[in-house]
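Each remark here refers to the structure printed beneath this line.
Residue numbers (this note's numbering): 1192 to 1285.
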């Protein structure tokens, strides 16, 4: 694990050295390009959200959660440990 950490640190140091060796104008250009890509991606996502919300068939159905064990019409009973737990009379309502 220590070798992996030193390898990653060395790789980042190498990248940092390459970044610092680059002219400032080129660093600025790369930064502007990455920010433009991020801004474009953000605008696309926001437009997609606005488009989806504006759709007239935008409905949400809320239903009860069905028990998948009861839906299974198998002849074999499920091996669920919850069904084998028997409560004593002390815990029941009166």
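We treat Cβ as the ideally placed atom computed from N, Cα and C, and that holds for glycine.
**OP:** Measure the C-alpha to C-alpha separation of residue 1250 and residue 1243 and round it to an integer number of angstroms.
**Re:** As a first step, residue 1250 is located in the chain shown; it is residue number 59 there, counting from the start. As a first step, residue 1243 is located in the chain shown; it is residue number 52 there, counting from the start. Computed Cα separation, rounded: 11 angstroms.
Subject >> 4 or more residues per run - each alpha helix (DSSP H) lying fully within the stretch 1216-1263 >> reply: 1259-1262
**OP:** Output the distance between the C-alpha atoms of residue 1234 and residue 1227, rounded to the nearest integer angstrom.
**Re:** For the purposes of this step, residue 1234 is identified with residue 43 of the chain shown, where counting begins at 1. For the purposes of this step, residue 1227 is identified with residue 36 of the chain shown, where counting begins at 1. One C-alpha to the other measures close to 10 angstroms.
**OP:** Could you tell me the distance, in whole angstroms, from the CA atom of residue 1215 to the CA atom of residue 1247?
**Re:** Start at 1 with the first residue of the chain shown, and residue 1215 comes out as number 24. Start at 1 with the first residue of the chain shown, and residue 1247 comes out as number 56. C-alpha separation (whole angstroms): 50 angstroms.
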